[in-house]
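Residue numbers (the working numbering), protein chains in the order written: chain U, 993 to 1164; chain H, 93 to 267.
From the three backbone atoms N, C-alpha and C, an ideal C-beta is built for every residue, glycine too.
Take a look at the structure set out below.
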Amino acid sequence: MNWQMLTLVGEDQPGIVARVTDALYRGGCTLGETSMIRLGGNFTIMMMVDGGQSEQALASMIAPVADQLQLKFHLDPMHGGLHRHRVPNYQVRVNGADRAGIVAKVTGALAECGFNILELASDVVGDSAKPVYIMTIQGYAEAEIERLEAALKPLAAEEIDVHVSAIETLIG
Amino acid sequence: MAMLEILQLPDPRLKEVAEEVTRFDEELKAFIADLEETRQAGPAAVGIAAPQVGRSQRIVILDCSKTKKPVENHGHLILVNPEIIEWDGFELGREGCLSVPDYTGNVIRAERIKVRSQDPQGENHEFEMVGFEARALQHEVDHLDGILFIDRLVSRRTDLFQRKVYQKGSKKRDA
Ligand SMILES: [Zn+2]
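Structure representation (structure tokens):
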């Protein structure tokens, strides 16, 4: 397989996924892992695509749909492939008053412990007068939970509520 | 004893509702021994259900006594015709399945359950299970009803709104 990473971003409207994937299907492409989510009224797509075509051929396949839907898109040839899942063994939940640097501080502390972030989702909720930041992180680390907790502890003094828990994945 | 073949998605037999066990004989015990051997041979599974090896009968093996981080458990259990008779609370947790290789995902399960079941001799038992063991039993009983954990996946964003989910869920239960 010769995967390309296709990124599409634009104002959200119904039918984006259907129209984009239809164009790829008609062009003989295979889809791999994807992430699609609405962020701040925009719709964002990151998608592994392979059709055996050149980057140019793939781009000319997507361009008409992207134009119609007013999406910006980008293609990058990528290394790697399917079946490379890594199962997270830790979950970190964060919430606190929204303030500059909250993500950098939390992820910086985790990185020092060799924590590999596999998935991160964050949101700003509440109202604009009193915004609250909420974040969940799933990741993998060899480090013991006590070490992660110790690394995150200083953040409590800044009124950032951080909670680490081990994930025991059930196989049954 | 013999290793049995584990059915994998998209085998349609995984979607069938399994039959009740009515004969508690030597053949049943021999099958359970094979099922246990099959469970142990794979990747650290805490449970296995008969439909996963193509036998459409209500039989489950559960063993949550060897998790990396110890959890409350009843040791090694053979559950014949298990039935969940009480549920309480909700909890999000990550699951994978011998029948769905190379994939794990988040599922909401009841936090505490009461289970009624029979043993291989046909004797009746009741168990109260919490947390991880309760989750494992619910995963296995789903197999008996033709349901896989991927039928119950929740969106990754559900994590962020977990508290809301809890409240809605518990209100429904109370009603
Ligand atoms: Zn399973």
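- For residue 1155 of chain U, no alpha helix (DSSP H) run applies; the uninterrupted beta strand (DSSP E) run containing it begins and ends at 1152 to 1158, by DSSP.
- For chain H, none of the residues of the region 1003 to 1027 of chain U brings a beta carbon within less than 7 angstroms of one of its beta carbons.
- The C-beta separation of residue 212 of chain H from residue 99 of chain H comes to about 22 angstroms, leaving the pair out of contact by the 8 angstroms criterion.
- Under the rule that a run must span 3 or more residues, the beta strand (DSSP E) segments found entirely inside the region 996 to 1030 of chain U read 996 to 1003.
- When DSSP states are grouped into helix, strand and coil, residue 137 of chain H belongs to the coil group.
- The beta carbon of residue 1075 of chain U sits closer than 8 angstroms to some beta carbon of chain H.
- Listed in chain order, the non-local C-beta contacts of residue 1004 of chain U below 8 angstroms within the same chain comprise 1030, 1033, 1034 and 1035, local neighbours out to five positions each way being set aside.
- For the region 221 to 247 of chain H, the set of residues with a beta-carbon nearer than 7 angstroms to any beta-carbon of chain U comprises 224, 227, 228, 231 and 232, in chain order.
- Between residue 203 of chain H and residue 183 of chain H, the C-beta gap is smaller than 8 angstroms, which places the two residues in contact.
- Contact with chain U is absent for residue 133 of chain H, since none of that chain's Cβ atoms lies less than 8 angstroms from the residue's Cβ.
- Each of U:1046, U:1008, U:1096 and U:1161 was checked against the Cα of residue 1038 of chain U, and the nearest Cα belongs to U:1008.
- Think of a sphere of 8 angstroms around the beta carbon of residue 1089 of chain U: no beta carbon from chain H falls inside it, the nearest being about 16 angstroms out.
- Contact check for residue 1001 of chain U against residue 1057 of chain U fails: the beta carbons are separated by 8 angstroms or more.
- With a threshold of 8 angstroms between beta carbons, residue 1079 of chain U makes contact with chain H.
- Look at the region 105 to 190 of chain H and you find these whole runs of alpha helix (DSSP H), each 4 residues long or longer: 118 to 133.
- The beta-carbon of residue 1093 of chain U is placed no less than 8 angstroms from the nearest beta-carbon of chain H.
- Annotation for residue 1053 of chain U: the continuous alpha helix (DSSP H) segment containing it runs 1047 to 1061.
- Around the beta carbon of residue 1087 of chain U, a 10 Å sphere encloses 16 or more other beta carbons of the protein chains shown; the residue is thus reported as buried.
- Under the 10 Å beta carbon count, residue 1158 of chain U is surrounded by fewer than 16 other beta carbons and is classified as exposed.
- In this structure, residue 96 of chain H places its C-beta atom within 8 angstroms of the C-beta atom of residue 127 of chain H.
- Contact of residue 1159 of chain U with chain H by beta-carbon distance below 9 angstroms involves 185 and 186.
- Think of a sphere of 7 angstroms around the beta carbon of residue 205 of chain H: no beta carbon from chain U falls inside it, the nearest being about 14 angstroms out.
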